[in-house]
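The opening residue of the sequence shown carries number 23 in the working numbering; numbering runs sequentially from there.
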Amino acid sequence: MTDLLSRRLIPSADALLSPVGEETVILHLGNDTYYGLDPMGTRIWAMLGEGVALAAIRDRLAAQHGVAAATVEADLRRFLDDLLRHGLLVDG
23 MTDLLSRRLI PSADALLSPV GEETVILHLG NDTYYGLDPM GTRIWAMLGE
73 GVALAAIRDR LAAQHGVAAA TVEADLRRFL DDLLRHGLLV DG
């Protein structure tokens, strides 16, 4: 089984974005369900869209917020798992 952080994940073509202030609303076109991203989720989504590696996202967030990389990684894994489960991210 491949480790999540070694995968290249990209936003699904079925994910239609709409920024709302610092947050983002995503409509999944395949199931007509809306999802909301807070400002941190919006930043992570933007980095994914730019092709930033998952480990680099972890490291950037840890450095920017002065938080241990292990803490950021645990939160990032939960967030990515949720996006994958809802079909908002796909392997790229």
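We put the beta carbon where it would ideally sit given N, CA and C, even for glycine.
Check, Outcome
"Assigned secondary structure, M23 (DSSP; H/G/I helix, E/B strand, else coil)", "In this prediction, M23 has a pLDDT of 42, which is less than 50 and means its spatial position is unreliable; what the coordinates show is noted afterwards. Three-state result, M23: coil."
"Helix, strand or coil at S34 according to DSSP, with G and I counted as helix", "coil"
"Selected residue, minimal CA-CA separation from G58, among P41, R82, A84, D81", "P41"
"Own chain, CB closer than 7 Å to G52, minus 5 neighbours either side, in chain order", "D36, G109"
"As assigned by DSSP and simplified to three states, the class of V89", "coil"
"Element boundaries [beta strand (DSSP E), containing L49]", "45-50"
"Straight-line gap, L83 to V94 (C-alpha atoms, nearest Å)", "7 Å"
"Same chain only: Cβ atoms within 7 Å of M62, ignoring 5 sequence neighbours per side", "none"
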